[in-house]
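J.: The structure under discussion is supplied below as structure tokens; questions concerning it will follow.
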Amino acid sequence: MGHAVIVLLAVAYGAAAGLGLPRAAYRLSVEPGEPWRRSCPRGHPLAGWLGPARCAGRRYGPAGAWAASGAVCGALAAAVGPRPEAAAYVLLAPALVLLALVDLAVHRLPDVLTLPLAAATAALLGAAALLPGAAGSWRLALLGGGALGAAYLLLFLINPAGMGLGDVKLALPLGVALGWYGWGVWLAGAFLGLLYGALYGLGLLLRGRATRTTGFAFGPFMAAGALTGVLLGGFGA
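When we follow the numbering used here, the leftmost residue of the sequence shown carries the number 3, and every step to the right adds one.
Here is the structure:
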């Protein structure tokens with residue numbers, strides 16, 4: 003199968019999966035301790051978890067999830083190409099977009115998403131390692147997950163007010179994804195996640211929209227850094 007066809011299929015899959023994310027993002031975007039939402043803002047019961055977030059023609063969930071998911075999946079397919087790990091990255095990308103949407107909405111990364119994502123990332127890359135043409139190492143992937151999780155746990159212990167346990171748990175699947183291509187990619191993705199978040203926070207300070215103690219969703223920047231690292235690793239493999 004040609005590279006261009008793989009990219010087109012990945013974009014189509016990502017966009018289709020993204021169409022189902024708004025309802026899930028809306029239902030999961032609640033404060034800790036609150037039950038997942040079961041009805042729309044007008045009180046109508048919600049059927050299922052996937053699908054658009056509309057009621058009586060009005061949108062109540064995030065917009066553009068399909069475009070973001072399609073773009074991420076297409077970029078991953080373009081970078082990794084026909085290697086077997088591409089399927090793992092592309093399949094899991096919409097879940098990462100969903101986590102980013104929830105974090106942006108309520109500054110929370112639910113365990114119901116982060117922990118299964120960690121297990122799925124390890125399992126799918128483990129399966130990819132058994133196939134011919136794989137360009138990474140499952141052993142390094144697992145080590146990368148543990149290392150990034152430990153690093154974020156240390157940051158959390160040093161400054162609990164600046165980072166949540168959800169970020170620590172998200173670091174596990176991101177570290178697995180980055181470690182697959184080696185420590186150089188792992189270091190780049192980990193550093194860029196911190197850099198993106200720091201630059202965003204600095205921009206808020208300079209514009210007077212935040213103080214040194216203002217919190218913001220850090221998960222999307224972690225995901226963006228990991229995505230950048232995987233793209234670099236895919237192109238360089």
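Ideal placement from N, C-alpha and C gives every residue a C-beta, glycine not left out.
Return the first residue and the last residue of the alpha helix (DSSP H) that residue 158 is part of.
T.: Sequence index remark: in the sequence shown, residue 158 carries index 156 (1-based). Start and end: 140-160.
J.: Excluding the 5 residues preceding and the 5 following residue 128 in the sequence, name in chain order all residues of the same chain whose CB lies nearer than 7 Å to its CB.
T.: Locating residue 128 in the sequence shown gives position 126, where the first residue counts as 1. Same-chain partners within the cutoff: 140.
J.: Secondary structure at residue 71, three-state DSSP: helix, strand or coil?
T.: Taking the sequence shown and counting its residues from 1, one reaches residue 71 at position 69. It is helical.
J.: So is residue 230 buried or exposed if we call it buried at 16+ other beta carbons inside 10 Å?
T.: The residue you call residue 230 lines up with position 228 of the sequence shown. Classification of residue 230: buried, given that the 10 Å Cβ count is 16 or more.
J.: Over what stretch of residues does the alpha helix (DSSP H) that includes residue 2 continue unbroken?
T.: There is no way to answer for residue 2, as the model of the chain reaches only from 3 to 239.
J.: Alpha carbon to alpha carbon, how far is residue 78 from residue 70? Give it in angstroms, no decimals.
T.: Mapped onto the sequence shown, residue 70 falls at position 68. Mapped onto the sequence shown, residue 78 falls at position 76. Whole-angstrom Cα-Cα distance: 12 Å.
J.: Can you tell me whether residue 49 is buried or exposed, with buried defined as 16 or more other CB within 10 angstroms of its CB?
T.: Start at 1 with the first residue of the sequence shown, and residue 49 comes out as number 47. That one is exposed.
J.: Whole angstroms are fine: how far does the CA of residue 42 sit from the CA of residue 152?
T.: To locate residue 152, count along the sequence shown from 1; it is residue 150. To locate residue 42, count along the sequence shown from 1; it is residue 40. Going by the C-alpha atoms only, they are around 38 Å apart.
J.: Take residue 84 and list the residues in its own chain whose beta-carbon comes closer than 8 Å to its own, dropping the five residues that flank it on each side.
T.: As a first step, residue 84 must be located in the sequence shown, where it is residue number 82. Excluding residues within five positions, the ones whose Cβ falls inside 8 Å are 3, 5, 8 and 135.
J.: Compute the Euclidean distance between the alpha carbons of residue 65 and residue 185, then round it to the nearest angstrom.
T.: Residue mapping note: residue 65 aligns to position 63 of the sequence shown, counting from 1. Residue mapping note: residue 185 aligns to position 183 of the sequence shown, counting from 1. If I take the Cα positions, the gap works out to 36 Å.
J.: Going by DSSP, what residues sit across from residue 41 in a beta bridge?
T.: The residue you call residue 41 lines up with position 39 of the sequence shown. 47.
J.: Where does residue 56 sit, in a helix, a strand or coil, going by DSSP?
T.: Within the sequence shown, the letter at position 54 stands for residue 56. Strand.
J.: Rounded to a whole number of angstroms, what is the C-alpha to C-alpha distance between residue 204 and residue 163?
T.: Along the sequence shown, read from residue 1 onward, the residue named residue 204 stands at position 202. Along the sequence shown, read from residue 1 onward, the residue named residue 163 stands at position 161. Using only the alpha carbons, I get a separation of about 17 Å.
J.: Nearest-angstrom Cα distance between residue 118 and residue 44?
T.: The residue labelled residue 118 in the question sits at position 116 within the sequence shown. The residue labelled residue 44 in the question sits at position 42 within the sequence shown. The straight-line gap from Cα to Cα measures roughly 31 Å.
J.: Please confirm whether residue 73 and residue 82 have their CB atoms less than 7 Å apart.
T.: One-based indexing of the sequence shown puts residue 73 at position 71. One-based indexing of the sequence shown puts residue 82 at position 80. Not a contact, by the Cβ cut-off of 7 Å.
J.: Considering only their Cβ atoms, is the gap separating residue 188 from residue 138 smaller than 7 Å?
T.: Residue numbering aside, residue 138 sits at position 136 when the sequence shown is read from its first letter. Residue numbering aside, residue 188 sits at position 186 when the sequence shown is read from its first letter. No. Outside cutoff.
J.: Please state whether DSSP places residue 29 in a helix, a strand or coil.
T.: If you number the sequence shown from 1, residue 29 lands on position 27. Three-state DSSP puts residue 29 in a helix.
J.: Have a look at 16, 219 and 160 and flag the residue whose alpha-carbon is nearest the alpha-carbon of residue 76.
T.: Residue mapping note: residue 76 aligns to position 74 of the sequence shown, counting from 1. Ranking the options by Cα distance to residue 76, first place goes to 16.
J.: Taking the continuous alpha helix (DSSP H) assigned at residue 188, which residues delimit it?
T.: Here residue 188 corresponds to residue number 186 of the sequence shown, with the count starting at 1. Here the alpha helix (DSSP H) through residue 188 covers 185-208.
J.: What's the gap between the Cα of residue 197 and the Cα of residue 46?
T.: The residue given as residue 197 occupies position 195 in the sequence shown. The residue given as residue 46 occupies position 44 in the sequence shown. Those two C-alpha atoms are separated by around 42 Å.
J.: Taking its Cβ as the centre, do 16 or more other Cβ atoms sit within 10 Å of residue 220, making it buried, or is it exposed?
T.: As a working note, residue 220 is residue 218 in the sequence shown. Buried, by the Cβ-count rule.
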